[in-house]
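Student: Before I ask anything, let me first share the structure, which is written out below as structure tokens.
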């Protein structure tokens, strides 16, 4: 970050007072009342330090991102070595210029990470009580479905989504918003601003709220193409097809609750299908059964509304018949998600239930026929019924 030196200058006076204050609180630990008094005095200093960091991180144009590759690491090492030589040499111009040149190459090196080698990966990110799913196509590009919640002090886009995708490299081909509730759109403005997807898909929400409008503003500023998702529309990224099944605009216009206007996406790669349903509740599930029943069968279901009892009706579950059920939910959340009734229905349907509150981030991988799951540092296969002659294509 180019803002780092400026941030350090601003933070130095705060740290100069903060460090001895915290050390004094540590020394006072045998006397809890005194320790609490000193620690309370340190709190405003911690708030000030956090404010400096947040302001520095939010300054536009001062953060330089590089491709997370071995070649980039080697170039940065060479630039550091050149800087060291220049600092100690009697004639520093040549090594200094060489270091600047190597650094420029490292910064401008295109971000072309190795993709998942003929496989698709669906990453259900642990963003607490909210949704953010990142699908990685075989060539390494991403499709981001929702971006998690926002809080008073930040959002899941900045805290989780952006670092997660940047560590792995690869451009974001599309962002798909299920609906504009804060636990789905909260991180979208920062994610769109930082990741600059080529397309932004949603159903068009007239009363979407502040964070939704901010996400559209970020898309406009970043020249991200906005697309209205209608039933039957689709986009293809590196052999992965995303087909939108809902919402119908006439249906959505009559609704007061945006949950039932969730953008429902069927993702297909080879013989494997993922159904991502946002926060669709029983009314939208009933609409899907009446208008898209033949397309609902899926191997992997992103369970609607964090496992709320208002969703995943028996009729809908019978049409989907998932073998893997993904539940994005916050640990100890105030809503009681996921519902015990929904968990029982999923178990009765034979689905493996994978929850972020218990497992953290969950990754589902497929080569178009076979499925594996990685969670909590373990990996295991999921039996696939796909016919051998369905995939790969000839």
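Residue numbers (full-length UniProt numbering): 1 to 394.
Cβ coordinates follow ideal geometry from the N, Cα and C atoms, glycine included.
As the structure is a prediction and not an experimental result, all values here were calculated from the model.
#1: Extract the residue ranges of the beta strand (DSSP E) inside the stretch 337-383, only unbroken runs of 3 or more that lie entirely within it.
#2: Would you call the stretch 294-304 and the stretch 273-282 in contact, with 3 or more CB pairs under 8 Å?
#3: Going by DSSP, which residues form a beta bridge with residue 257?
#4: Taking 8 Å as the threshold (C-beta atoms), are residue 222 and residue 192 in contact?
#5: Quickly, what does DSSP pair residue 205 with across the bridge? List them, please.
#6: Can you check the stretch 168-245 for any beta strand (DSSP E) of at least 3 residues that lies completely inside it and give the ranges in chain order?
#7: Please identify the residue among 41, 37, 4 and 34 whose C-alpha is closest to the C-alpha of residue 17.
#8: If you draw a straight line from the alpha carbon of residue 364 to that of residue 43, how long is it in whole angstroms?
#9: Contact between the stretch 165-172 and the stretch 252-271: three or more CB pairs below 8 Å?
#10: Straight-line CA distance for residue 86 to residue 197?
#11: Taking Cβ positions, are residue 282 and residue 311 nearer each other than 8 Å?
#12: Check for me: the beta strand (DSSP E) holding residue 413 runs from which residue to which?
#13: Name the DSSP beta bridge partners of residue 300, please?
#14: Which residue marks the beginning of the alpha helix (DSSP H) containing residue 281, and which one marks its end?
#15: Apart from the five residues just before and just after residue 126, which ones in its own chain have a Cβ nearer than 6 Å to its Cβ?
#16: Are the Cβ atoms of residue 242 and residue 234 separated by less than 8 Å?
#17: Could you check what DSSP says for residue 127 in three-state terms: helix, strand or coil?
#18: Quick one: give me the first and last residue of the beta strand (DSSP E) that residue 267 is part of.
#19: Ends of the beta strand (DSSP E) at residue 134?
#20: So, at 8 Å on beta carbons, what are the nonlocal neighbours of residue 340 in its own chain, with the 5 sequence-adjacent residues on each side left out?
#21: Could you check what DSSP says for residue 394 in three-state terms: helix, strand or coil?
#22: Just verifying my parser: in three-state terms, what is the DSSP assignment at residue 121?
#23: Could you work out which residue in 121, 245 and 82 is closest to residue 230 when comparing CA atoms only?
#24: What did DSSP end up calling residue 294 once you bin it into helix, strand or coil?
Tutor: Taking the coordinates as given:
#1: 352-355, 362-366, 371-375 and 378-382
#2: yes
#3: DSSP, once it has assigned bridges, lists no residue as partnering residue 257.
#4: yes
#5: DSSP output for residue 205 lists no bridge partner at all.
#6: 172-176, 199-202, 225-228 and 234-237
#7: 41
#8: 42 Å
#9: no
#10: 40 Å
#11: yes
#12: Residue 413 is absent from the model: the chain starts at 1 and stops at 394.
#13: 274 and 324
#14: From DSSP, residue 281 is part of no alpha helix (DSSP H); its letter is neither H nor E.
#15: 356, 360 and 361
#16: yes
#17: coil
#18: 264-269
#19: 133-136
#20: none
#21: For residue 394, the pLDDT reaches just 29, beneath the cut-off of 50, and the residue's location in the model is therefore unreliable, although a value from the coordinates is still provided. Coil, per DSSP.
#22: strand
#23: 245
#24: helix
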